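Novice: This is the structure, below, for whatever I ask next.
Residue numbers (my numbering), protein chains in the order written: chain A, 127 to 409; chain B, 4 to 328.
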């Protein structure tokens, strides 16, 4: 059981990290709560399903196109709606939420509201030591962590990354220092699209596709970002692992149907006692 | 002058009310049912308005308040010995279970108030959303007590038939509206609106912000509870899917937006608008077209919200003013 806990925990944490980092970048740079973030993942999953399993396009090309779809969608949401209403949190929250439900209904209309099974990206099982792990999970873990590490290097080493961190820490000062916020916003939405695209394809191959699966990744990303401290990529990584392992533990040892409930209850408790998150607000 | 205006307004409202009360005599029964739904949606939306429209604390947990009242009353009034069987199904009369349901909803409102003490903005949105999802999760694993994912059906209804239920919904809506309207135009209402503008300044002025917020949560829980308990007894069934429906939440919030936030009267206009738009689109997209009419409705709602954030009520008021003059 312990090996299963580690395996589920690592996979879930990696998926949540991918989803949450995009969310935290958007929140940190633009102070935007993007409630359509969950549909980014879902859309990538459906795009992958349609391209690969319906249209029969080759696996890695479908994968690439699915991520690209997600990026295009993300940029469209930013340019089409969010950029026009920036600075009004209530409008941002509601517009992106209504958008999410419009996407949900559009997918119900085109693909039906029954669950669809996505093939694993790679077949087969590997044996590491005494543990059997499906190759799919190994690939998911590998690509996720490569993406996360690449992002960390980008955020900490490049000038753009420094600008992103600067603006999350102190918005006014960063603007005074001559950082172009609208360009940075576009870049963060693109990055968020890439990460959410990866997470979406993996998440759907790990579970299944359904028009309402956007809500769980959204609430988990939101929770992770708040627990980890808004705008903090490292905090999000820690929080994603906490939530991923707690959820896997509940799923394996307590009751599978309680997994979401207990995670959310813990989140509510953390927010009650530490409203600024476990690690405070820093980049 | 002011008295004259008030008198004018009073007659206008009386006229509308008489029109509404007589409507079952000249509209088909199907539409009467639609009006009943609109009335309940109006109650929910007004209840959301007194909390979120006034104070700016945007609650995504409103379906939780409604569901708690509905579930409590449904479980307590559920006849014992009928499948699904549970020892908690006491078969109590509904004149006891509905007040208990309302009290449960008020208590839930107070629980939501606890995060509202410390958190604001997106944080509060998240906590209320998470609380509602926890509620849905608990309802779907409630076993025989709450009927799990299938829910409960066949618990007692208040009145049989459409007409008595119509008048019940009108009476409920009018009383909720009257109470909240009185609160809204009192000093408390003005102070609640001040919380939305600048909470800190208000507390520097020596106002007890905590107490004010508590009042808003209490009133919201009370009215959502009244609406929720009667609504589910009217439907005669409750399930996690129907009680915690995201679409219901969106309808509640959009009604307040379209009608005009922080006005109490606005959400009624919004609720009628929302219900009749959704119904009006039904013949155009029959059968599996449920999604397409929801999409059209949401796109329209989004555009109205973005273009006219103040809502319809202030616009109508302005229109009336210029016509009467």
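Even for Gly, the Cβ is constructed at its ideal location relative to N, Cα and C. Quick caveat, the model's predicted, so the values are computed rather than measured.
1. Quick one: which chain A residues come within Cβ less than 7 Å of residue 140 (chain B)?
2. Restricting to Cα atoms, I'd like to know which of B:114, B:78, B:41, B:86 is closest to residue 97 (chain B).
3. Suppose contacts are defined by Cβ-Cβ distances below 8 Å. Is residue 290 (chain A) in contact with residue 281 (chain A) by that definition?
4. Show which residues of chain A have a CB atom less than 8 Å away from the CB atom of residue 302 (chain B).
5. Quick one: is residue 126 (chain B) near chain A, going by C-beta distance under 8 Å?
6. Name the one or two DSSP bridge partners that residue 371 (chain A) has.
7. Against residue 215 (chain A), what residues of chain B qualify as contacts under a CB-to-CB distance less than 7 Å, listed in chain order?
8. Are the C-beta of residue 133 (chain B) and some C-beta of chain A separated by less than 8 Å?
9. Closer than 8 Å, CB to CB, is residue 145 (chain B) near chain A or not?
10. At the level of alpha carbons, what is the spacing between residue 60 (chain B) and residue 219 (chain B)?
11. CA-CA distance, residue 287 (chain A) and residue 316 (chain B)?
12. Could you check whether residue 374 (chain A) and residue 171 (chain A) sit closer than 8 Å to each other, using their CB atoms as the reference points?
13. Can you name the residues of chain A whose CB is closer than 7 Å to the CB of residue 306 (chain B)?
14. Please report whether the beta-carbon of residue 393 (chain A) lies at a distance below 8 Å from any beta-carbon of chain B.
15. By how many angstroms is the C-alpha of residue 149 (chain A) removed from the C-alpha of residue 229 (chain B)?
16. Residue 136 (chain B) CB to nearest chain A CB: under 8 Å?
17. Excluding the 5 residues preceding and the 5 following residue 346 (chain A) in the sequence, name in chain order all residues of the same chain whose CB lies nearer than 6 Å to its CB.
18. Should residue 207 (chain B) go down as buried or exposed, given a rule of 16 or more other Cβ atoms within 10 Å for buried?
19. In this structure, how does DSSP classify residue 396 (chain A) when only helix, strand and coil are distinguished?
20. From which residue to which residue does the beta strand (DSSP E) around residue 252 (chain A) run?
21. Short of 7 Å Cβ to Cβ, which residues in the segment 151-162 of chain A face chain B?
22. Taking C-beta pairs closer than 9 Å, name the residues in chain B that residue 348 (chain A) reaches, listed in chain order.
23. What whole-angstrom Cβ distance do residue 239 (chain B) and residue 160 (chain B) have, given they're in contact under 8 Å?
24. Let me know the secondary structure DSSP gives residue 242 (chain A) once reduced to three states.
25. Quick one: what does DSSP say residue 205 (chain B) is sitting in, helix, strand or coil?
26. Going by alpha carbons, who is nearest to residue 356 (chain A) out of A:167, A:296, A:251?
27. For residue 55 (chain B) and residue 62 (chain B), which I take to be in contact (beta-carbon distance under 8 Å), what is that distance rounded to the nearest angstrom?
28. How close, in whole Å, do the beta carbons of residue 215 (chain B) and residue 194 (chain B) come, if the pair is a contact with beta carbons under 8 Å?
29. Using a C-beta to C-beta distance shorter than 9 Å, which residues of chain B count as neighbours of residue 376 (chain A)?
30. Can you name the residues of chain A whose CB is closer than 7 Å to the CB of residue 295 (chain B)?
31. Does the beta carbon of residue 156 (chain B) come closer than 8 Å to any beta carbon on chain A?
32. Under the rule that 16 or more other beta-carbon atoms within 10 Å means buried, what is residue 13 (chain B), buried or exposed?
33. Quick check: is the beta carbon of residue 318 (chain A) nearer than 8 Å to any beta carbon in chain B?
34. Which value, in whole angstroms, describes the spacing of the CA atoms of residue 418 (chain A) and residue 165 (chain A)?
35. With 8 Å set as the bound, which would you pick, yes or no: does the beta-carbon of residue 138 (chain A) sit closer than that to a beta-carbon of chain B?
36. Between the beta-carbon of residue 196 (chain A) and the beta-carbon of residue 323 (chain A), is there less than 8 Å?
Specialist: According to the structure data:
1. Near residue 140 (chain B) (Cβ distances below 7 Å), the residues of chain A are 386, 387.
2. Put simply, of B:114, B:78, B:41, B:86 the residue whose alpha carbon is nearest the alpha carbon of residue 97 (chain B) is B:78.
3. Contact: yes.
4. By Cβ distance, chain A contributes 228.
5. Chain A contact via Cβ: present.
6. DSSP lists no partner for residue 371 (chain A).
7. 124, 125, listed in chain order.
8. Closer than 8 Å: yes.
9. Not closer than 8 Å to any Cβ of chain A, the Cβ of residue 145 (chain B) fails to qualify, so no.
10. Distance between the alpha carbons of residue 60 (chain B) and residue 219 (chain B): 10 Å.
11. Cα to Cα, the separation comes out at about 47 Å.
12. Annotated as distal: residue 171 (chain A) and residue 374 (chain A), with beta-carbon spacing of 8 Å or more.
13. Per Cβ cutoff of 7 Å: no residues; residue 306 (chain B) is ~10 Å from chain A at best.
14. Taking a beta-carbon distance threshold of 8 Å, residue 393 (chain A) counts as an interface residue toward chain B.
15. Residue 229 (chain B) and residue 149 (chain A): Cα-Cα distance of roughly 38 Å.
16. Chain A, which has a Cβ nearer than 8 Å to the Cβ of residue 136 (chain B), makes this yes.
17. Here the set comprises 142.
18. Its Cβ having fewer than 16 others within 10 Å, residue 207 (chain B) is exposed.
19. Judged by DSSP in its simplified three-state form, residue 396 (chain A) adopts helix.
20. According to the DSSP assignment, residue 252 (chain A) belongs to the beta strand (DSSP E) that extends over 251-254.
21. Residues passing the 7 Å Cβ filter: 159.
22. Correct list: 125, 128, 129, 132, 133.
23. With 8 Å as the limit, residue 239 (chain B) and residue 160 (chain B) qualify as a contact, their Cβ atoms being about 5 Å apart.
24. Strand, per DSSP.
25. For residue 205 (chain B), the secondary structure class from DSSP, reduced to helix, strand or coil, is helix.
26. Nearest of A:167, A:296, A:251 to residue 356 (chain A), Cα basis: A:296.
27. About 5 Å; that satisfies the 8 Å criterion.
28. Indeed they touch by this definition, with Cβ atoms about 5 Å apart.
29. Under the 9 Å cutoff, chain B gives no residues; its nearest Cβ is about 11 Å from residue 376 (chain A).
30. Against residue 295 (chain B), the close residues of chain A are 235, in the order they occur along the chain (beta-carbon pairs closer than 7 Å).
31. By this cut-off, residue 156 (chain B) is not an interface position.
32. So residue 13 (chain B) counts as exposed.
33. At a cut-off of 8 Å between beta-carbon atoms, residue 318 (chain A) makes no contact with chain B.
34. Residue coverage of chain A in this structure runs from 127 to 409, which leaves residue 418 (chain A) outside it and unanswerable.
35. No, residue 138 (chain A) lies away from the interface with chain B (no Cβ there is under 8 Å from its Cβ).
36. Taking the C-beta atoms as reference points, residue 323 (chain A) is found nearer than 8 Å to residue 196 (chain A).
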